[in-house]
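Input: a single structure, listed below in structure tokens.
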Amino acid sequence: MMVSIPEYYEGKNVLLTGATGFMGKVLLEKLLRSCPKVKTVYVLVRHKAGKNSQERVEEMISCKLFDRLRDEQPEFNEKIIAVASDLTEVDMALSEEDKENLINCTNIIFHCAATVRFNEILRDAVQLNVIATQQLLFLAQKMKNLDVFIHVSTAFAYCNRKHIEEVVYPPPVDPKKLIDSLEWMDDSLVNDITPKLIGDRPNTYTYTKALAEYIVQLEGTKLNVAIIRPSIVGASWKEPFPGWIDNFNGPSGLFIAAGKGILRTMRASNNAVADLIPVDVVINATIAAAWYSGVNRPRNIMVYNCTTGGTNPFHWGEVEYHVISTFKRNPLEQAFRRPNVNLTSNHLLYHYWIAVSHKAPAFLYDIYLRITGRSPRELHKFDIQEESFRTSNKASQC
1 MMVSIPEYYE
11 GKNVLLTGAT
21 GFMGKVLLEK
31 LLRSCPKVKT
41 VYVLVRHKAG
51 KNSQERVEEM
61 ISCKLFDRLR
71 DEQPEFNEKI
81 IAVASDLTEV
91 DMALSEEDKE
101 NLINCTNIIF
111 HCAATVRFNE
121 ILRDAVQLNV
131 IATQQLLFLA
141 QKMKNLDVFI
151 HVSTAFAYCN
161 RKHIEEVVYP
171 PPVDPKKLID
181 SLEWMDDSLV
191 NDITPKLIGD
201 RPNTYTYTKA
211 LAEYIVQLEG
221 TKLNVAIIRP
231 SIVGASWKEP
241 FPGWIDNFNG
251 PSGLFIAAGK
261 GILRTMRASN
271 NAVADLIPVD
281 VVINATIAAA
291 WYSGVNRPRN
301 IMVYNCTTGG
311 TNPFHWGEVE
321 YHVISTFKRN
331 PLEQAFRRPN
341 VNLTSNHLLY
351 HYWIAVSHKA
361 PAFLYDIYLR
371 ITGRSPRELH
381 KFDIQEESFR
391 TSNKASQC
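Under the UniProt record's numbering, the residue at position 270 of the sequence shown is numbered 270, and the numbers go up by one with no gaps.
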């Protein structure tokens with residue numbers, strides 16, 4: 001008889017990267033709540049803003065996301081061990097003591113850490129998404145009791161392909177050669193060759209996530225590895241409660257901007273599929289994937305496309321309707337103007353609405369601010385929002 005998921009995690013020591021990120025937090029909470037007999041969760045966290053790793057973890061678990069877990073298991077924090085680490089440094093900046101402890105104790109690895117900035121410069125994107133993954137795999141190879149290595153990727157890693165199967169495709173370039181080349185190239189040269197390197201991919205994020213998958217396949221031949229590919233991850237569906245999100249990245253930022261009346265037009269097709277998936281669905285699949293690989297020990301690398309699929313697709317035109325309808329019924333405080341968004345795939349029409357609905361009102365409001373002796377800010381705010389929306393929309397079209 002196959003063991004259940006909570007039974008599998010009983011007594012296991014888990015290593016988690018990206019724990020302070022959106023998905024990492026949800027994974028940590030769900031794992032501790034649904035698998036209460038898990039032994040320890042090691043979280044790799046770097047020092048930041050004058051706070052050490054332990055202080056950052058304590059601050060993280062004090063947020064509302066962990067309230068349900070706190071009620072059910074008041075002592076849950078005792079299972080979380082903060083490990084000082086920086087994935088951008090050599091050997092992830094682990095102390096010898098921490099490294100030895102992880103090698104001897106770790107049973108399961110969830111690698112969630114990554115840069116999700118679509119316009120990240122190539123050098124930094126390679127460091128965070130590719131080299132960090134490679135270093136973690138090197139550490140995993142030394143672990144004496146490792147059952148499973150789970151790598152969280154993205155469904156857009158191969159967005160230049162018409163159909164994406166649950167396999168790892170050949171990389172656009174040999175990652176090791178690219179890493180070697182970046183060591184001697186200066187930043188200006190790297191920036192100059194980036195468009196040529198990424199080719200028909202929209203940004204460095206999708207490009208480096210594809211390279212990371214190949215690194216996982218290459219270095220994980222002697223490990224029990226699985227890859228999770230979520231699409232556009234949004235707020236929670238059910239767990240730990242509906243609607244939880246901690247950032248304005250991706251679709252949540254668009255929705256809030258639309259609700260505030262700041263965003264009035266976007267260049268997008270109403271008929272394009274909005275592949276939005278709740279974060280708790282992704283995390284449930286991730287935890288289950290580790291269980292399946294740990295119990296069944298599959299011969300080949302397991303890849304899971306965690307997307308909405310084509311059975312009952314949801315389109316951006318429908319998203320527009322529901323978002324605007326919701327905010328009209330439940331308006332946000334301090335809205336700039338009444339919410340109303342127009343999606344168009346026509347280049348000229350898009351720029352017309354940008355001028356009429358965005359730049360002109362922002363310009364007039366800035367004049368009003370100057371007249372009243374205040375600092376103008378709306379045009380600057382628009383420029384920031386436009387770049388954010390433009391890069392977000394590019395990934396959504398893949």
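Ideal placement from N, C-alpha and C gives every residue a C-beta, glycine not left out. Everything numeric in this text was worked out from a predicted model, so none of it was measured.
For residue i, which of helix, strand or coil comes out of DSSP?
{"i": "F110", "result": "strand"}
{"i": "H151", "result": "strand"}
{"i": "A82", "result": "strand"}
{"i": "C159", "result": "coil"}
{"i": "N305", "result": "strand"}
{"i": "F88", "result": "According to the sequence as given, residue 88 is Thr; it is not Phe. T88: coil per DSSP, three-state reduction."}
{"i": "N13", "result": "strand"}
{"i": "M2", "result": "coil"}
{"i": "S375", "result": "coil"}
{"i": "K30", "result": "helix"}
{"i": "G250", "result": "helix"}
{"i": "T115", "result": "coil"}
{"i": "N145", "result": "coil"}
{"i": "W353", "result": "helix"}
{"i": "I384", "result": "In this prediction, I384 has a pLDDT of 44, which is less than 50 and means its spatial position is unreliable; what the coordinates show is noted afterwards. I384: helix per DSSP, three-state reduction."}
{"i": "C398", "result": "The predicted model places C398 with a pLDDT of 38, which falls under 50 and marks its position as unreliable, so this point remains unresolved."}
{"i": "A257", "result": "helix"}
{"i": "T221", "result": "coil"}
{"i": "P202", "result": "coil"}
{"i": "F76", "result": "helix"}
{"i": "P361", "result": "helix"}
{"i": "S293", "result": "helix"}
{"i": "A93", "result": "helix"}
{"i": "residue 459", "result": "Nothing can be reported for residue 459, as the shown portion of the chain is limited to 1 through 398."}
{"i": "E58", "result": "helix"}
Locate the beta strand (DSSP E) running through residue i, then write down its first and last residues.
{"i": "L343", "result": "342-344"}
{"i": "V41", "result": "40-45"}
{"i": "I227", "result": "225-230"}
{"i": "M266", "result": "265-267"}
Tell me where the alpha helix (DSSP H) around residue i begins and ends.
{"i": "V126", "result": "122-126"}
{"i": "P175", "result": "175-184"}
{"i": "T326", "result": "316-329"}
{"i": "F138", "result": "132-142"}
{"i": "G195", "result": "Per the sequence shown, the amino acid found at residue 195 is Pro instead of Gly. Per DSSP, P195 belongs to the alpha helix (DSSP H) from 187-198."}
{"i": "K99", "result": "96-105"}
Any idea which residues DSSP pairs residue i with across the strands?
{"i": "P278", "result": "G234"}
{"i": "K51", "result": "K48"}
{"i": "V273", "result": "H315"}
If contacts are defined as beta-carbon pairs under 8 Å, then residue i and residue j qualify, I think. What distance do you get, rounded to the angstrom?
{"i": "A82", "j": "H47", "result": "At roughly 11 Å, the Cβ-Cβ gap does not stay under 8 Å, so A82 and H47 are not in contact."}
{"i": "I109", "j": "L146", "result": "7 Å"}
{"i": "R236", "j": "D280", "result": "For clarity, residue 236 is Ser in the given sequence; the question names Arg instead. Right, the Cβ-Cβ distance comes to about 5 Å (below 8 Å), so this counts as a contact."}
{"i": "C105", "j": "M23", "result": "Their Cβ separation, rounded to whole angstroms, is 24 Å, which puts C105 and M23 out of contact at 8 Å."}
So with Cβ pairs under 8 Å, would you call residue i a contact of chain B?
{"i": "T326", "result": "The question asks about chain B, but that chain is absent: this structure has only one protein chain."}
Touch test, the region 331-341 against the region 252-269, Cβ-Cβ under 8 Å, three pairs minimum: Short answer: they touch.
Is the region 70-79 close to the region 188-208, with three or more CB pairs under 8 Å? The region 70-79 makes no contact with the region 188-208, as fewer than three CB pairs between them are under 8 Å.
Is the region 86-102 in contact with the region 131-140, if contact means three or more CB pairs nearer than 8 Å? Taking a contact to require three or more Cβ pairs closer than 8 Å, the region 86-102 and the region 131-140 qualify as touching.
Spell out a yes or no on whether the region 153-169 and the region 206-225 are touching, meaning 3 or more CB-CB pairs, one atom from each, closer than 8 Å. Segments in contact, yes.
Touching or not, the region 287-306 and the region 239-251, by the rule of three or more beta carbon pairs under 8 Å? The region 287-306 is not in contact with the region 239-251.
Would you check if the region 218-238 and the region 146-155 touch, i.e. whether three or more CB-CB distances between them fall below 8 Å? Yes, the region 146-155 touches the region 218-238.
Say whether the region 319-328 touches the region 347-354, bearing in mind that this needs 3 or more beta-carbon pairs closer than 8 Å, one atom from each stretch. The region 319-328 is not in contact with the region 347-354.
Does the contact criterion of 3 or more C-beta pairs under 8 Å hold for the region 312-319 versus the region 17-32? The answer is no - the region 17-32 does not touch the region 312-319, with fewer than three Cβ pairs under 8 Å.
Given 8 Å as the limit, is there contact between the region 95-115 and the region 162-172, that is, 3 or more CB pairs closer than that? By the Cβ criterion, the region 95-115 is not in contact with the region 162-172, since fewer than three pairs of Cβ atoms, one from each stretch, lie closer than 8 Å.
Contact between the region 96-116 and the region 268-280 (3+ Cβ pairs under 8 Å): Contact between the region 96-116 and the region 268-280 is absent: fewer than three C-beta pairs spanning the two stretches fall below 8 Å.
Counting Cβ pairs, one atom from each stretch, are 3 or more of them under 8 Å apart for the region 41-59 and the region 9-21? Taking a contact to require three or more Cβ pairs closer than 8 Å, the region 41-59 and the region 9-21 qualify as touching.
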